[in-house]
Every structure is written in C-alpha cells, then in structure tokens.
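Report on the following structure.
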Amino acid sequence: MRSHYCGNLNQSFIDQTVTLCGWVHRRRDHGGVIFLDLRDREGLVQVVIDPDTPEAFATADKSRSEYVLKITGRVRQRYAGTENSTMPSGQIEVLGKEIEILAQSETPPFPLNDDFSNVGEETRLKFRFLDMRRPEMLERMRFRSKVTTLIRNYLDRHGFLDVETPILTRATPEGARDYLVPSRTQPGSFFALPQSPQLFKQLLMVSGFDRYYQIAKCFRDEDLRADRQPEFTQIDIETSFMNDEQIMQITEDMAVELFDQLLGVKFDAFPRMTYADAMRRFGSDKPDLRNPLELVDVADLMDKVEFKVFAGPAKDPKGRIAALRVPGGAAMPRSQIDEYTKFVGIYGAKGLAYIKVNDVSNIHNGEGSGLQSPIVKFLPDDALKAIIERTGAGNGDLIFFGADKARVVNDALGALRVKVGNDQKLLTCEWAPLWVVDFPMFEEIGDGQWTSVHHPFTLPKCDVETLKTNPGEAISVAYDMVLNGTELGGGSLRIYNLDMQKAVFKALGISDEEANEKFEFLLDALKYGAPPHGGLAFGLDRLVMLMTGATSIRDVIAFPKTKTAECLMTHAPAPVEAKQLRELGIRLREEAKVAAPATTPTTTPVTGA
C-alpha cells in the first residue's frame with residue numbers, strides 16, 4: 003500500500019513519486035493551500051495540496067487530526083526559508099496528487115502534537131493506544147526493541163541458547179506473593195505464574211545446555227512503585243563452568259557494548275564494592291556513585307555522652323550513629339531542614355539532628371561557638387572536635403546525624419543522601435556503574451529465624467558445617483550490577499551440591515518434608531551430576547527506563563498496569579461469569595462480594611464446590 007515511510011524521506015528522493023500512509027499530525031490552511039503533516043512510526047513529512055488538484059484538495063479539506071490517509075505525490079525541495087531543521091525530512095515536502103481517507107477519527111481526548119505536560123497519567127493509560135502514537139513514546143518502544151536485539155545478538159555470539167521455560171508452574175519462595183491460576187482439571191490445585199525462571203534455568207544447566215538465556219516474562223504480586231510492575235521482563239542468563247568473576251565480566255561487557263552502541267557512552271571497568279562497604283559508606287546496597295556524599299560512623303565518639311538520643315544507639319550492638327556532611331549546607335534555611343526531617347520519618351527515623359559549621363577554629367558547646375545546633379550544648383567539646391575532624395567538615399558545611407537501629411539509620415540517611423545530592427545538584431557525572439558483591443547469605447527476621455537475602459539456591463562461600471553452626475555470618479557468592487543508584491541486575495553462583503542445598507533449607511526453617519514437597523524435582527536433579535553454575539538476571543524495563551531518561555517503567559512498557567495493578571484500558575482485572583467459577587471449583591465469599599471493588603474480586607478456593 004505504501005512505497006516509503008514518512009520519516010525516511012529526504013533530499014535524495016526529490017522528483018520521485020511516493021505513496022505514503024499515516025495519521026494527520028497537524029493540518030493547516032494557508033491562503034487556499036492546505037498543509038498536512040503526515041506521521042507514521044518513522045517520523046513526519048509535510049504534504050502540500052493545492053487547488054490545482056481539486057479532488058485531492060477536497061479530500062484534504064475534509065481531513066482532520068488523526069485521520070488515517072493514503073497520499074501519493076511528488077517529492078520536491080522546500081522553498082528557501084521554509085525548511086525545518088528539526089525534522090529529518092525538513093528539507094523536502096510532498097506535493098500531494100491523490101489522497102484517500104482510510105479511516106476517520108473522533109477528536110482525541112488529548113492533543114498528540116502540542117504540550118503534553120498537563121495530561122494525567124490515568125488518561126494516558128486509559129487511551130494507551132493513542133498515547134503510544136506520540137513520537138516520544140514511539141521512540142522509547144523503538145529503543146527497547148534495539149536493546150533486546152543487541153542483547154540477543156551479543157548472547158548468541160557468546161554461545162548462549164534461547165530457551166523458553168514454563169509460564170504455568172508452581173509456587174516457589176522468591177520473596178513476593180505469587181499470582182495463582184486455578185486448575186480446572188485438578189480441582190483445588192493451582193498453578194503459579196513464575197516470579198523468575200530460576201529453577202528451570204538451573205535444571206537446564208543440569209541438563210547440559212551450558213549457556214542459556216531468555217527474555218522472560220515474570221510476575222510478582224507485590225506493592226508497586228515507579229519502578230515496579232506486576233508483570234515485568236527479565237533478561238535471564240545462566241551458564242555452567244564459569245566462576246563469579248567470569249560471569250560478571252561477560253555480562254559487564256554486554257552492558258558496555260549496549261551503552262556504547264546505543265548511547266555512545268563509553269564505560270571503564272566497573273568498580274567492585276562489598277555489600278558491607280556499601281552499607282557503611284552509603285546506607286544502601288545500590289549506591290549512586292555520582293553522588294559524592296558519604297556516611298561516616300561516629301558511634302564510638304558518643305558512647306560516653308549523656309545525650310540519650312546518641313547514648314542509646316551508641317551502646318546498642320544493633321545500633322548505629324552516622325553523620326552525613328553536606329558541603330555548603332550551613333546556608334540551608336530551617337524550613338529546608340524541617341522538610342528533610344519529615345522526609346527521613348518516612349523511613350522510620352524519629353528525628354534528624356544537625357550541626358551547622360560556621361567557624362571550625364571556634365569549636366565548643368558554649369556561648370559564641372562556631373557551631374550552630376540545638377544539640378551542641380549536649381555534647382562535650384572533645385566529641386564535637388572529633389566529629390568535625392572525622393567528617394572533614396569545614397566552614398559553611400552542615401552535618402546531619404542518624405541515631406537508631408542500624409537498619410533505620412541506613413534506610414533514612416541513605417535516602418537522605420540521595421535526596422540532598424539531587425536537591426543540591428552535587429552529582430559529579432552522568433553515569434556511574436559498579437558491582438556490589440559479597441552479600442550476606444541470610445537476613446534475620448526474628449529470634450533465630452532467617453530469610454534469604456537473594457534466594458535459597460544461592461551458593462555460600464563457606465562449607466556445610468560452618469553454615470550449620472553460624473548461618474548469620476555466611477557470605478554468599480552473589481553480585482548485583484548497579485547503575486546510578488538503581489539495581490540493573492542481580493545474580494549469583496548456585497548451589498549444585500545436595501548436602502549444601504539441604505543445609506540452606508534447614509537454616510531457613512524448611513523441613514525435609516517441606517523441601518521434598520516443594521523442590522523434589524530440584525533435589526532429584528542435584529543427585530545426578532549437577533555442574534557448577536551461576537547466572538544473572540537484568541530488569542529490562544528498568545534498564546530501558548534509565549537509558550531513555552524516563553521517570554517510570556510505565557513509560558517504557560507498551561501496556562503497563564497502574565500502581566494498583568490495574569489496566570485502565572482493558573479494565574483488567576475483572577469479574578468472571580459464575581459458570582467459569584463453578585468449572586474451577588471457586589466460590590466467592592459473601593463479604594468479598596460486598597467489600598471488593600467490582601473490577602477486583604477476591605476469590606477463595608472451595609474444593610468440590
């Protein structure tokens with residue numbers, strides 16, 4: 003039907019006859035001559051229709067925004083002074099000779115060719131098919147396609163096989179709730195949509211596939227944020243007979259090639275940082291290294307002070323007192339400090355102590371001190387001097403303090419560090435990748451109870467006996483790729499020894515019976531010569547979000563869900579007919595019918611109903 007795409011036309015096509023198909027982006031009537039900007043996925047071209055072709059002119063006169071047209075005409079040079087340097091086709095135009103209206107359009111609910119800043123996200127998601135006509139959205143989807151193509155080509159060159167794994171599987175402990183699918187043929191039983199292909203890709207290694215990848219759909223029923231969706235896409239990679247350094251290197255090289263070819267950004271070798279160092283210096287296991295601010299421990303300077311806010315955490319083995327120096331922050335108004343105090347409260351902090359450093363040559367806790375703060379009077383001079391020295395504070399700086407359980411301090415000051423760095427425009431570069439390694443194997447969730455930091459199939463660095471006697475000290479062979487404070491991907495070496503896998507299950511409180519019931523297939527596989535193996539999974543949506551500068555992964559997914567996991571365009575999830583529920587052996591509770599919104603019914607399985 004078409005001979006060329008609109009956005010691909012340029013001066014090399016002058017005097018050629020072309021046939022174009024697309025949408026009317028803009029229509030203008032100038033003194034009896036009609037100008038149409040025709041748009042397709044490759045861009046725009048200006049079409050001119052004059053009264054010398056009365057039939058085409060009459061059709062153009064009836065055309066409106068978003069009408070779908072087929073236009074045949076001759077490419078010609080634009081008149082001097084009318085060129086548009088912002089368009090690839092801006093040096094030429096098409097003199098339209100034949101126009102056919104293929105489809106009419108109602109007036110769109112929002113403009114696609116003007117300022118878009120006032121259009122709400124709900125409206126965009128409801129009319130997503132229109133939202134994606136916008137060049138900005140189209141370009142993001144095109145960019146996403148380029149990312150996946152480059153990744154496929156890279157992995158293919160390095161001997162990886164693209165293998166699909168099941169979507170209908172069974173629930174596994176991945177750290178979030180599963181989406182469940184009731185089985186009609188096995189009443190009372192449910193499939194689970196995969197949170198990741200983790201176990202299947204390990205089984206592929208046991209099967210001898212050696213190098214696997216998949217651009218996989220994954221599902222997690224969790225509370226959503228700007229960078230989370232109930233269904234998301236992973237670049238999933240697994241390989242045998244490679245150590246952790248080799249796996250990190252091959253995936254790092256892939257990221258380097260990706261940014262170089264698509265953005266022209268050249269990375270040096272990614273620095274390595276242990277989890278312990280990341281938490282100590284930045285309060286986060288995914289630090290943004292563009293930000294020069296760092297946390298400094300000062301608990302040892304406070305263990306003898308009488309100020310209870312500091313004295314308690316200083317003597318608590320699970321407590322932490324950290325300082326965050328903000329260069330030039332002494333000029334910060336009290337209203338800004340109050341705003342930051344409210345901000346850290348989101349993360350559980352009870353307050354935000356601070357000291358403004360006006361004169362480092364005059365440090366004491368009395369009248370006329372060079373330090374300005376409500377807490378200075380509670381701290382001895384030697385402690386104040388030690389704080390200034392350790393933080394490296396100078397005249398005009400501000401020091402924030404966090405004092406509480408270590409988790410609260412890390413969460414609160416880690417987030418404050420990011421916010422202050424952005425607010426004060428302290429970032430030193432555009433991109434800052436790194437690897438975070440040596441994660442703890444387990445995290446304590448109660449008295450003697452543990453949960454996996456990554457997942458229960460991660461290989462620990464210790465032997466079985468050490469793991470059994472001291473699980474809290476176990477370090478895993480795990481690694482996360484981090485970019486600009488965002489985790490791009492995480493991976494690890496996997497357990498390939500049956501005794502070690504059983505020991506990890508036992509540390510997690512998973513009995514032999516439960517392990518056999520849930521993971522019999524994996525445990526059986528480990529009996530039959532499992533190779534050393536490991537891998538990594540990248541979040542494709544997050545990766546594309548960062549590379550395109552989008553603020554939400556919803557802007558790089560064709561048909562995303564809202565923060566409440568709804569599709570405003572299709573109105574999913576939605577009720578189903580009673581007949582379908584009966585076939586599945588499901589009956590809705592009466593209270594659920596009343597309490598649940600019409601589009602999100604709560605179901606409870608009832609065997610034999």
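So the sequence shown is residues 3 to 611, counted in this note's numbering. Cβ coordinates follow ideal geometry from the N, Cα and C atoms, glycine included. Quantities reported herein were computed from a predicted structural model and do not represent experimental measurements.
* Asked: When the Cα of Gly330 is compared with those of Val411, Gln426, Gln106, Leu71, which residue comes out closest?
  -> Gln426
* To do: Would you give the residue range spanned by the beta strand (DSSP E) that Ala218 belongs to?
  => 213-221
* To do: Enumerate in chain order the residues of its own chain whose CB-to-CB distance from Met547 is below 6 Å, with the five nearest sequence positions on each side excluded.
  => Ile555, Val558
* Reducing DSSP to helix, strand and coil, say where Gln231 ends up. => coil
* Asked: Lys407 bridges to which residues according to DSSP?
  -> Gly321
* Integer Cβ distance of Ser185 from Ser191, believed to fall under 8 Å -> 5 Å
* Asked: Exposed or buried, what is Arg30 when buried is set at 16 or more other beta-carbons lying within 10 Å of its beta-carbon?
  -> exposed
* If you check the beta carbons only, do Asn293 and Arg135 fall under 8 Å apart? -> no
* Asked: For Met3 versus Gly45, is the C-beta spacing smaller than 8 Å?
  -> no
* To do: Kindly indicate the opening and closing residues of the alpha helix (DSSP H) around Lys387.
  => 383-393
* Asked: According to the neighbour-count rule (16 or more other Cβ atoms, all chains shown, within 10 Å of its Cβ), is Ile51 buried or exposed?
  -> buried
* Do the region 8-18 and the region 83-98 meet, that is, are 3 or more Cβ pairs less than 8 Å apart? -> yes
* Quick one: using the 10 Å Cβ neighbour count with 16 as the cut-off for buried, is Ser454 buried or exposed? => buried
* Asked: Around the C-beta of Pro376, are 16 or more other C-beta atoms found within 10 angstroms, so that it is buried, or is it exposed?
  -> exposed
* Would you call Ala517 buried or exposed, if buried means 16 or more other Cβ atoms sit within 10 Å of its Cβ? -> buried
* Mind pulling the alpha helix (DSSP H) runs of 4 or more residues that sit fully within the region 321-356? -> 336-347
* Could you check the C-alpha separation between Tyr69 and His27 for me, to the nearest Å? => 9 Å
* Do you know offhand how far Gly474's Cα is from Met443's? -> 8 Å
* Beta-bridge pairing of Phe15 - partner residues as DSSP gives them -> Looking at the DSSP assignment, Phe15 forms no beta bridge with any residue, so it has no partner.
* **Under the three-state DSSP convention, the category Asp54 falls into** => coil
* **Selection from Ala580, Ser363, Pro111, Leu265 that minimises the alpha carbon distance to Arg130** => Pro111
* To do: Sort Gly537, His456, Cys23 by Cα distance to Lys203 and report the nearest one.
  => Gly537
* Given a threshold of 16 other Cβ atoms within 10 Å of its Cβ, counted over all protein chains shown, does Ile447 qualify as buried or as exposed? -> exposed
* Pair within 8 Å by beta-carbon distance, Gly491 and Ala539 -> yes
* Asked: Under a three-way DSSP split, which group does Asp299 fall into?
  -> strand
* Asked: What residues in its chain sit with their C-beta under 7 Å from that of Phe459, if we drop five residues either side in the sequence?
  -> Gln200, Gln204, Arg496, Ile497
* **Straight-line Cα distance separating Ala301 from Cys220** => 43 Å
* **Candidates Val77, Met483, Gly511, of which the one nearest Gly449 by Cα** => For the record, residue 449 in the displayed sequence is Asp; it is not Gly. Minimum Cα distance to Asp449 is reached at Gly511.
* Taking 7 Å as the line, does the beta carbon of Gln248 fall inside it for any heavy atom of the ligand GTP? -> Ligands are entirely absent from the displayed structure, and the ligand GTP is therefore not among its contents.
* What are the start and end residues of the beta strand (DSSP E) that includes Thr453? -> 451-454
* Name the one or two DSSP bridge partners that Ser494 has. => Ala480, Gly537
* **7 Å CB neighbourhood of Pro599 in its chain, flanking five on each side removed** => For Pro599, the predicted structure reports a pLDDT of 48, less than 50, and the residue's modelled location is therefore unreliable. The matter cannot be settled from this model.
* 8 Å Cβ cutoff met for Ala434 and Asp262 -> no
* Asked: Out of curiosity, what's the CA-to-CA distance linking Leu525 and Tyr277?
  -> 30 Å
* Asked: Rounded to the nearest angstrom, how far is the Cβ of Val484 from that of Lys288, given a contact under 8 Å?
  -> 5 Å
* Can you tell me which of the three DSSP states Arg252 falls into? => One point to set straight first is that residue 252 is Ile, not Arg, in the sequence displayed. Ile252 falls in the helix class under three-state DSSP.
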